[in-house]
Structures are given as structure tokens and as C-alpha cells.
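Each residue of the sequence shown is one higher than the one before, starting from 8 at the first, in the working numbering. Backbone N, C-alpha and C define an ideal beta-carbon position, used for all residues, glycine too. Values in this document were obtained by computation on a predicted structure and should not be read as measured data.
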Amino acid sequence: MYQDSRIFFYQLFTQLQTQGLQKQAIKCLNKAIKFKQTDIYNYGLKSMYLEQIGLIQESIDCWDQGIENNKHNILFYIEKAKTLQKYGKLNEIIQCWDQGININCKDSNFYREIIKALQKQNRFEEIIKYCDKIIQLNSQAMEFYNDKAWALKQLKRFDKVVDCWAEAIENHQSYAPFLSQLAKALQRLNRIEEAIQIFNQGILKNKHNINFYFEKALFLTQLQRFTEVLECWDQGIENNIQIIDFYDEKSKFLVEQGLIEQALELWDLGISYNKHNISFYYFKTSLLDDLEMNDEVIQCWNKGIEFNKSDVSFYREKTNALFKQDRFSEILECWDEGTKLNRNNQNFFFYKAQTLSQNERLEQALSCWDQFCSQNLEDIDHYQQKGKLLLLQFISQHFNQNEELQKSYFLSTFFRK
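Right, here's the structure in full:
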């Protein structure tokens with residue numbers, strides 16, 4: 008019904024407009040608006056038509072009617088402001104949004120619009136007034152601190168900028184970017200040590216939030232106080248010994264400063280605290296890879312295996328590293344070690360058998376599964392793996408002239424665990 012009425016009134020309006028019957032066309036649109044007072048489409052159609060026939064004020068009045076009928080719908084205010092902007096009625100734009108704020112005093116969207124309009128007109132004092140009003144009414148309206156600080160800067164009231172950000176921090180103690188804004192404001196006034204103390208207070212209240220450490224480290228880096236940057240990340244690690252991101256940030260900074268040995272020592276420290284977390288080994292070996300320290304990569308994974316003898320992931324990472332270094336014989340030795348230490352874990356035998364098969368040592372791959380079977384008689388899953396190998400062996404023996412057939416079967420069956 009609602010959509011049908013739109014079509015009906017639009018078609019009737021179009022006919023009247025085509026015939027040049029202006030009064031009747033306007034009456035038609037008035038009826039459409041009265042029929043559905045919340046439908047912005049009809050107001051827009053009427054406003055546009057009134058503009059076309061030169062009735063500018065009446066076009067603006069149309070939006071006033073829409074606002075009167077839809078006081079809490081910001082879209083009507085937006086359309087009126089657009090029309091006013093088009094005809095250079097700048098003061099009336101502010102009045103429009105002020106009207107909206109009086110009716111919707113806690114809706115931050117209305118303040119956002121009036122501030123945008125005031126910024127275009129460089130009306131800084133009023134921006135501050137509206138920012139204060141919405142912040143007082145809605146403490147979660149965080150973005151208005153930015154607007155207030157911007158206006159204060161334009162007025163060169165730099166002490167007040169500091170006060171603005173101090174208030175923001177007081178109301179939002181867990182939001183790190185406000186600390187940076189206050190620090191920058193203090194820096195502008197050459198109050199550097201005070202700025203650093205602000206970061207320290209933020210970290211004290213948010214020991215486990217990396218953003219506070221990051222903001223402080225960035226500030227210190229810009230001041231070229233590199234020793235204190237490292238101390239900042241040391242503090243973060245001390246408070247968060249299991250969170251890898253803190254180690255990563257310090258490591259990246261050490262590498263940027265050319266302190267490679269210290270970066271590697273840092274990852275050793277992280278591993279000592281987090282022996283069973285494979286991510287720490289990943290980060291260290293990634294750095295070692297970048298430095299082309301191949302033997303040290305293997306040593307790192309050996310250390311991981313030493314602490315995690317039953318975790319197949321460490322063995323896989325070691326064998327992947329060995330493969331990249333073309334150290335194929337050591338791959339098999341790695342899986343030999345894994346199967347000896349984990350006789351009841353099928354995964355180790357799977358990867359050992361896979362390695363043997365890839366090197367065309369099918370008999371030994373079959374023996375690998377036989378070994379697992381002898382130690383795990385009730386585990387029937389391995390029979391499927393052994394069956395694939397037997398079929399692969401059969402194909403290899405009887406169709407060895409057709410290498411593509413062998414390859415196709417091998418890829419489509421064996422590598423599906």
C-alpha cells in the first residue's frame with residue numbers, strides 16, 4: 008500500500024506538471040505528504056519542484072514542514088541544510104542545526120553536523136561551546152575532544168588544549184591515543200618530561216594494554232631517546248611475559264637500530280618464558296631466516312623439540328626448514344626421532360611414511376606402518392594409510408612406463424591424510 012501510494016501520487020504529479028498545472032501539482036504533493044508524513048521522498052519531490060519553478064523560500068519551508076512532522080529524524084535537517092547551503096544562507100544552516108540540537112540534545116549526530124558547519128565558517132568559539140555541551144551530556148562522545156582541541160589551536164590557546172586532552176584522559180583512561188594527543192600538546196609547550204610522565208601514568212593503569220607502550224615508544228622515538236624506547240618495551244615484557252606482541256615490538260626496534268644479537272637474545276628470553284608456545288620459535292627462526300643463519304634455524308627447532316617432544320608441529324617445522332636447506336637425509340632422522348619418542352601417535356608415523364614415499368622408498372614406508380601397527384593393535388586408522396601405499400606400490404610395479412598415472416594417483420590419494 009505504501010509503495011503503491013508513492014507511485015500513484017508521483018504519476019499524478021507528473022501528469023499535472025507536464026500540463027503546466029503548477030498549483031494543482033503542488034496540491035497533489037501536499038496530499039502525498041499528508042498521506043504519509045514520515046516519507047522523506049514526498050518532501051524531497053515537493054522541494055525540488057518548488058526550486059524548479061523559482062519558489063526558493065517555499066522550498067526551504069517545505070523542509071521546515073518535514074522537520075515539524077519528523078523532529079527526531081536527522082535526514083530532514085540534512086536536506087534543509089543542503090538547500091540552505093545551495094543558496095548561501097549560512098547563518099540559517101547554523102540555526103537549523105541548533106533547532107535540531109534543542110530537540111535532540113543528547114544525539115551526538117546533530118552536534119557533529121553543526122560543528123562541521125561552524126568549521127566551514129571559522130566560528131571557533133561556538134565550536135568549543137557545542138563540544139563542551141555534548142561532552143557534558145554524553146561522556147562517550149569521544150570524537151568531540153578532537154574538535155574542541157582543533158578549535159583551541161586555531162585560537163592559539165595552547166594551555167587550554169592541554170586541559171582539553173587531560174579531561175579526555177580523565178574520562179577515558181583506557182584509550183591510549185588521548186595520551187599521545189596530550190603529550191603532543193605538552194611538547195608544543197616544551198613540557199617534555201611532563202609528557203613522558205603522562206605516558207607512565209597511562210601504562211601504570213593499563214599494564215596489559217600494548218597500545219599505551221606503543222604510544223610512549225613512538226613519542227620517545229621521535230625525540231630520539233632510543234635507550235628509553237628499549238626500557239619502555241622491557242617494562243611491557245616484564246608485565247606481559249606471555250604476550251608475544253611485546254617481544255615483537257622490541258625486536259623490530261632492535262633490528263632497526265642494527266642490534267641483531269640483542270634481538271636474537273630477546274627471542275631466547277621469550278622462549279625461556281614460553282617453552283611450549285610455538286609462536287616464539289616462529290618469530291626467532293623468521294629473524295634467523297632473514298639473516299641467512301641456516302644452522303641456527305635448525306638449532307632453534309631442536310630446542311623446541313627438546314621442550315615439546317610430543318608436539319608434532321615442532322618436528323614439522325624442523326623438517327620444513329631442513330627441506331628448504333636441501334638437507335633431506337636429516338628430515339628422515341627427525342621423523343625417526345619423533346616416532347621413537349611417540350610410538351602411539353599416528354601423526355608421527357604418517358609424516359615419516361610420507362617422507363619415505365616421496366623418496367620412492369615404499370618398502371620402508373610400509374615397514375613404518377607395520378611398526379605402528381605392532382604397537383597399536385586397536386588403532387585401525389593406519390590400515391587405510393598402508394592400503395594406499397600398497398596400491399601405490401602395485402601401480403608403480405605394473406605401470407612404471409606411465410609416470411603421469413603414478414604421479415596423478417600419488418597426489419590424489421596419499422597426500423589426503
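Query: Go ahead and pull the three-state DSSP assignment for Thr45.; Result: coil
Query: With DSSP run on the structure shown, which of helix, strand or coil describes Ile402?; Result: In this prediction, Ile402 has a pLDDT of 46, which is less than 50 and means its spatial position is unreliable; nothing more can be read from the coordinates.
Query: Flag this pair as yes or no: are the beta carbons of Ala158 and Glu132 separated by less than 9 Å?; Result: yes
Query: Between which two residues does the alpha helix (DSSP H) containing Ala148 stretch?; Result: First-last for Ala148: undefined, no H or E at that position.
Query: In angstroms with no decimal places, state the Cα-to-Cα distance between Leu19 and Asn76.; Result: 24 Å
Query: Please give the ranges of any alpha helix (DSSP H) in the segment 141-189, keeping only runs that are unbroken, at least 4 residues long and fully inside the region.; Result: 150-161 and 165-178
Query: Taking 7 Å as the limit between beta carbons, can you name the residues of its chain near Ile176, skipping five residues before and five after?; Result: Phe185, Leu186 and Leu189
Query: Can you give, in chain order, each stretch of the beta strand (DSSP E) that sits fully within the segment 221-266 and has at least 3 residues?; Result: none
Query: Quick one: what's got a C-beta closer than 7 Å to Cys239's C-beta in the same chain, skipping five residues either side?; Result: Tyr220, Lys223, Ala224 and Leu227
Query: Among residues of its own chain, excluding the 5 on either side of Val262, which ones have a beta-carbon nearer than 8 Å to its beta-carbon?; Result: Ala270 and Leu294
Query: Suppose you measure from the CA of Lys291 to the CA of Lys359; what does that come to, to the nearest Å?; Result: 26 Å
Query: For Asn76, does the three-state DSSP call read helix, strand or coil?; Result: helix
Query: Give the straight-line distance between the Cα atoms of Ala156 and Val168, rounded to the nearest whole angstrom.; Result: 5 Å
Query: Starting from Tyr94, trace the alpha helix (DSSP H) both ways and give me its first and last residue.; Result: Counting along the chain, Tyr94 falls outside any alpha helix (DSSP H), and DSSP gives it neither H nor E.
Query: Thinking C-alpha only, which one of Arg130, Asn129 and Tyr118 is nearest Tyr152?; Result: Tyr118
Query: For a test of the three-state rule: what should DSSP assign to Phe421, helix, strand or coil?; Result: A caution first: Phe421 carries a pLDDT of 47, below 50, which makes its placement in the model unreliable, though a value can still be read off. Residue state, collapsed to three classes: helix.
Query: Let's test the definition: count the other Cβ atoms within 10 Å of the Cβ of Tyr254 and tell me whether it reaches 16, buried, or not, exposed.; Result: buried
Query: On the three-state DSSP scale, how would you describe Lys393?; Result: Its pLDDT being 47, under 50, Lys393 is placed unreliably in this model, and the value from its coordinates should be taken loosely. Reduced to three states, the DSSP call for Lys393 is helix.
Query: So the candidates are Leu28, Tyr50 and Ile244; which of them puts its Cα closest to the Cα of Gly73?; Result: Tyr50
Query: Does the segment 328-348 come close enough to the segment 300-309 that 3 or more CB-CB pairs lie under 8 Å?; Result: yes
Query: Looking at the structure shown, is Ile278 part of a helix, part of a strand, or coil, going by DSSP?; Result: helix
Query: If we ignore side chains and look at the alpha-carbon of each, how far apart do Gly209 and Trp172 end up?; Result: 13 Å
Query: Would you grab the beta carbon distance between Gln106 and Ile100 for me? Rounded to a whole angstrom, and I think it's under 8 Å.; Result: In fact, because the Cβ distance is near 11 Å, the residues do not count as touching under 8 Å.
Query: In whole angstroms, what separates the C-alpha of Ser275 from that of Ala148?; Result: Here the sequence assigns Asp to residue 275, which means Ser is not the residue at that position. Taking the straight line joining both Cα atoms gives about 44 Å.
Query: Do Ile134 and Ile122 have their beta-carbon atoms positioned less than 9 Å apart in this structure?; Result: yes
Query: Using a 10 Å radius around the Cβ and a threshold of 16 neighbouring Cβ atoms, would you call Thr25 buried or exposed?; Result: exposed
Query: Would you mind giving the Cβ-Cβ distance between Lys257 and Leu273, rounded to the nearest angstrom? I have them listed as a contact below 8 Å.; Result: 6 Å
Query: Out of curiosity, what's the CA-to-CA distance linking Tyr84 and Ala183?; Result: 35 Å
Query: For the candidate residues Lys212, Ile199, Asp241 and Glu245, whose alpha-carbon lies nearest to that of Gln229?; Result: Ile199
Query: Once you ignore the five residues that flank Ile312 on each side, which residues in its own chain have a CB closer than 7 Å to its CB?; Result: Phe321, Tyr322 and Lys325
Query: Would you call Tyr56 buried or exposed, if buried means 16 or more other Cβ atoms sit within 10 Å of its Cβ?; Result: buried
Query: Since Cys341 is in the alpha helix (DSSP H), which residue starts that stretch and which ends it?; Result: Phe335 to Leu348
Query: Could you please give the first and the last residue of the uninterrupted alpha helix (DSSP H) stretch that includes Arg323?; Result: Val319 to Lys331
Query: Could you check if Leu82 is buried or exposed, using at least 16 other CB atoms within 10 Å of its CB as the buried criterion?; Result: exposed
Query: To the nearest angstrom, how far is it from the Cα of Arg232 to the Cα of Met300?; Result: 31 Å
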